[in-house]
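Right, here's the structure in full:
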């Protein structure tokens, strides 16, 4: 290990460069899908660095987790963002003073953590069983943390179901619901399901359907809130 | 083992394996349709060649980078998967202590590759295929994770080499009878086949593949076949004892045993994809979450009780 | 590589659509996707646990039971709310 | 981009010829029999094809669609007119009567060294558009304009979960595999759920003078099975049907058992496409079962009961379910069900409206 530059060093710098570059590209692309998967690329480079640090489980698990999470994030970003594919040019950065401030603070904090914490100077023993040690830890001192994480995730599951599903045991969830206003106390952002159940006011189009073909009411309009 | 030889051997294996899957496909199709097989040995090569010589298509304003990269990503994932498999009792091309977790990462990145393949075309049929695949491809991964964790219990390790060693007495296919059938479903999903072909299906005129032609389509189809090889080698390793052979064989025969077992899993995979009907995605979601996932819980508990000291 | 405009038009069986296919796509499985993320997080704890299962014996078995019970509660609840189908 | 090595060309020349078929009037049985030829591969997308086969007479209203699918075949492409009339402007088109066998002409077309056919449509973008700004990118604002020639979809109501996300209006058909020949549907889609359906052109209708028999019912079953990803089993159905046409004895019970073993009935949701048909309630499962049955002729053509409307059956269904429902009717049954419906009045349709206003912005 006395070489000036070892293969590990090259790999580290290459991965670090990929992580930073793709992280920067996340905010300079127009497409939500590209942004999601560029972030994934950034995480994967970080995971590669963890593998170099002899943390195989954390490294591989990062790739695994981030792949599915960025996949789900892409689905949701495309669902709810205007111009999701970046067909028109737009900016991905908002609230710039606040964001710059937060970025600088985070950078200083993390740098301080790196500089002040005692870093190990001995290489990990070749026969060290990191995953085994992690398992023992989870069944030992960290058992409580582990189990409370389980309960916390259960409440996350229930919360996400409550918030996202329209159907339920007690019928549709939207009668009486009202989308939030565009400004404080202002008009709702979308349409109120109870009023004007015939057609959407999606983007301020006026509708009249004098001549619409008679539809078999298999639920096209009938399923709207009563 | 010399790294260059190993890479070359893997490449040859993937080419040969993909050809074998295509041959199996032809046999299965002929058997099910009750007709003569026709050009069996050269047929896959001819079809592949006709894809290679046809011209590449371009859709209206695609996401050009991802449109070009998605087939390559799928292919690379198939190669990573097969590189994890220990071909002899001495080890694999990529021998890391978290082997089955890395395989899980291959599974999840496959969902990303198929999604990008469908998304990037900017066309309706590929787009519908991509979204539908994500719906089914994600939960089926949970099933496979439970199945693989069950296999890791007796091995006391996440490394595939250790999982092979733990089967010296009894193969996991017997010890954990729910494992292989559930894992095969994942294989159908990873390779976009038969009952789990939600991405490249007939009701979307080929789905994510509908707008493809020429060499990129050849790469995509090769990747599908290669992924079948990769998955089957993984299934043979985790459930059929991998390179372990009968008592009278020597350790040098390991790669041969693994190849034979991989071919058996491949045959099962191909048979399932020609014999079983695919249900609408909504129905499949219900089945996955309410039947198959609880079934994998049961498998894990049974494996835990069996492995407990 | 440039292809002509009519050749680049997306295939719809001879039909057409006036807009781009890219859109705010109404994925019909969004509650399931959220549930899946929570599930996936919990699974990540199970891998190291599997390694020490045999060594720790009954304690590990009990912990797994608890874990699977928590996951099952999540599934049963979501199933009762009708999440596992196209919304 | 394509690879050009002589030995690769020779290998490729021995592969089955990939044909995309535009099925016109009274030709579907001929095409299905042709597809059983091992030297020919009937592909689902023109992108995968070398040859366009125009089988049977194509109505004048389907001519633009025919031009479109022709141009979607990658070069080098060729066309065979099989029982159909070529367009006026074509020079030396290859024409064949529907009564002749088409396989050899297709093979000869494929091997003949020739230049590719030119496009049949003018090479213009869907909307005139010029890039904006210094980089020549996109349209106006976030959602406006016609970036790269097309507007973006706009939000509308949803019938299932009430989330107002983008709705796209799309015309599907008439030239798709396992699709009733000639049927053109206009679907308003949110995600993959049909919000409204409208029949633009009705299907070509059943072959005149042909009564619904064992053979035609098996062919309908084959189309449905193909949608269930049971392509090989569908081929077996077609083979049995072709054998029946040649007056050979056929064994239906074994076929029925094979379909049952595949789980096709379990895969189809019960009650999907439920309607009253020929005086009896039926759904997709019962219709498939009847097609594989031995009954002489279950359909009584004397019923005066009005037929259900196809567009009504499709509304609210997911894409795959909708296509399964369309394929669960024989051409005879579909005949009265899918009659052209009037387009909604201009201005009612969100998408076209926004597209038009976007066009105005662009100029």
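Protein chains in written order, with the working numbering: chain X, 7 to 232; chain H, 8 to 316; chain L, 151 to 237; chain D, 207 to 569. The beta carbon of each residue, even a glycine, is placed where N, CA and C say it ideally should be. Please read all numbers here as calculations on a predicted model, not as lab measurements.
Any Cβ of chain L within less than 7 Å of the Cβ of residue i?
| i | result |
| --- | --- |
| residue 164 of chain X | yes |
| residue 313 of chain H | no |
| residue 565 of chain D | Low confidence applies here, because residue 565 of chain D scores a pLDDT of 41, under 50, leaving its location unreliable and the question unanswered by this model. |
| residue 476 of chain D | no |
Can you list the residues of chain D that residue i reaches, using a CB-CB cut of under 7 Å?
| i | result |
| --- | --- |
| residue 57 of chain H | 218, 221 |
| residue 321 of chain H | The requested residue 321 of chain H does not occur in the structure, where chain H is confined to residues 8 to 316. |
| residue 96 of chain X | 348 |
| residue 40 of chain X | Here the premise fails: no neighbours, minimum Cβ distance about 14 Å. |
So, using beta-carbon positions, are residue i and residue j closer together than 7 Å?
| i | j | result |
| --- | --- | --- |
| residue 33 of chain X | residue 83 of chain X | no |
| residue 315 of chain D | residue 53 of chain H | no |
| residue 247 of chain H | residue 135 of chain H | no |
| residue 279 of chain D | residue 258 of chain D | yes |
| residue 177 of chain L | residue 138 of chain H | yes |
| residue 243 of chain H | residue 277 of chain H | no |
| residue 407 of chain D | residue 267 of chain D | yes |
| residue 311 of chain H | residue 211 of chain L | yes |
| residue 254 of chain D | residue 411 of chain D | no |
Could you list which residues in chain L have their beta carbon closer than 7 Å to that of residue i, in chain order?
| i | result |
| --- | --- |
| residue 278 of chain D | 157, 159, 161 |
| residue 381 of chain D | 163, 164 |
| residue 138 of chain H | 175, 177 |
| residue 329 of chain D | 154, 155, 156 |
| residue 141 of chain X | 198, 199, 201, 202 |
So, at 7 Å on beta carbons, what are the nonlocal neighbours of residue i in its own chain, with the 5 sequence-adjacent residues on each side left out?
| i | result |
| --- | --- |
| residue 208 of chain L | none |
| residue 33 of chain H | 44, 47, 50 |
| residue 243 of chain D | 309 |
| residue 315 of chain H | none |
Compare the C-beta of residue i with all C-beta atoms of chain H and state if any pair is closer than 7 Å.
| i | result |
| --- | --- |
| residue 211 of chain L | yes |
| residue 439 of chain D | yes |
| residue 473 of chain D | yes |
| residue 469 of chain D | yes |
| residue 64 of chain X | no |
Using a Cβ-Cβ cut-off of 7 Å, state whether residue i counts as contacting chain X.
| i | result |
| --- | --- |
| residue 103 of chain H | yes |
| residue 353 of chain D | yes |
| residue 225 of chain D | no |
Could you work out which residues of chain H lie near residue i, taking near to mean beta carbons separated by less than 8 Å?
| i | result |
| --- | --- |
| residue 188 of chain L | The premise fails here: residue 188 of chain L is roughly 11 Å from chain H at the closest Cβ pair, so nothing lies under 8 Å. |
Report yes if the C-beta of residue i is less than 6 Å from at least one heavy atom of the ligand MN; otherwise report no.
| i | result |
| --- | --- |
| residue 161 of chain H | With respect to the ligand MN, the structure offers nothing, as it holds no ligand at all. |
Run down chain D in chain order and give the residues with a C-beta less than 9 Å from the C-beta of residue i.
| i | result |
| --- | --- |
| residue 180 of chain X | 367, 368 |
Name the chain D residues whose beta carbon is nearer than 8 Å to that of residue i?
| i | result |
| --- | --- |
| residue 167 of chain L | 374, 375, 376, 377 |
| residue 175 of chain X | Those do not exist, as residue 175 of chain X stays about 16 Å from chain D at its closest Cβ, beyond 8 Å. |
Going along chain X, which residues have a C-beta under 8 Å from residue i?
| i | result |
| --- | --- |
| residue 122 of chain H | 77, 80 |
List, in order along the chain, the chain L residues whose C-beta lies closer than 8 Å to that of residue i?
| i | result |
| --- | --- |
| residue 364 of chain D | 176 |
| residue 129 of chain H | 160, 170, 171, 172 |
| residue 251 of chain D | 161 |
Please work out which residues of its chain come closer than 8 Å, Cβ to Cβ, to residue i, disregarding the five sequence neighbours upstream and downstream, and give them in chain order.
| i | result |
| --- | --- |
| residue 116 of chain H | 80, 84 |
| residue 514 of chain D | 481, 482, 483, 543 |
Excluding the 5 residues flanking residue i on each side, which residues of the same chain have their C-beta closer than 6 Å to its C-beta?
| i | result |
| --- | --- |
| residue 193 of chain H | 147, 151 |
| residue 356 of chain D | 332 |
| residue 456 of chain D | 446, 449, 450 |
| residue 130 of chain H | 66, 218 |
For residue i and chain D, any beta-carbon pair shorter than 7 Å?
| i | result |
| --- | --- |
| residue 60 of chain H | yes |
| residue 210 of chain X | Residue placement at residue 210 of chain X is poorly supported in this model, since its pLDDT is 35, which falls under 50; the coordinates are not used for a value here. |
| residue 83 of chain X | no |
| residue 205 of chain L | no |
Kindly list, in the order they appear in chain H, the residues whose Cβ is closer than 7 Å to that of residue i.
| i | result |
| --- | --- |
| residue 195 of chain L | Result: empty, since nearest Cβ-Cβ is about 11 Å, beyond 7 Å. |
List, in chain order, every chain H residue whose beta-carbon is nearer than 9 Å to that of residue i.
| i | result |
| --- | --- |
| residue 32 of chain X | Result: empty, since nearest Cβ-Cβ is about 15 Å, beyond 9 Å. |
For the region 111-139 of chain X, list every residue whose C-beta sits within 7 Å of some C-beta in chain L, in sequence order.
137, 138
Return the residues of the region 395-419 of chain D that lie within a Cβ-Cβ distance of less than 9 Å from chain L, sorted by chain order.
395, 396, 397, 398, 399, 406
Contact set between the region 64-75 of chain H and chain L, restricted to residues whose Cβ is under 7 Å from the partner
64, 65, 66, 67
Tell me which residues of the region 276-308 of chain H have at least one Cβ-Cβ distance to chain D shorter than 7 Å, keeping chain order.
281, 282, 283, 284, 285, 286, 287, 288, 289, 290
Counting only Cβ-Cβ distances shorter than 7 Å, please list the residues of the region 217-230 of chain L near chain X, keeping chain order.
217, 220, 223, 224, 227, 228, 230
Contact set between the region 522-535 of chain D and chain H, restricted to residues whose Cβ is under 8 Å from the partner:
524, 525, 526, 527, 529, 530
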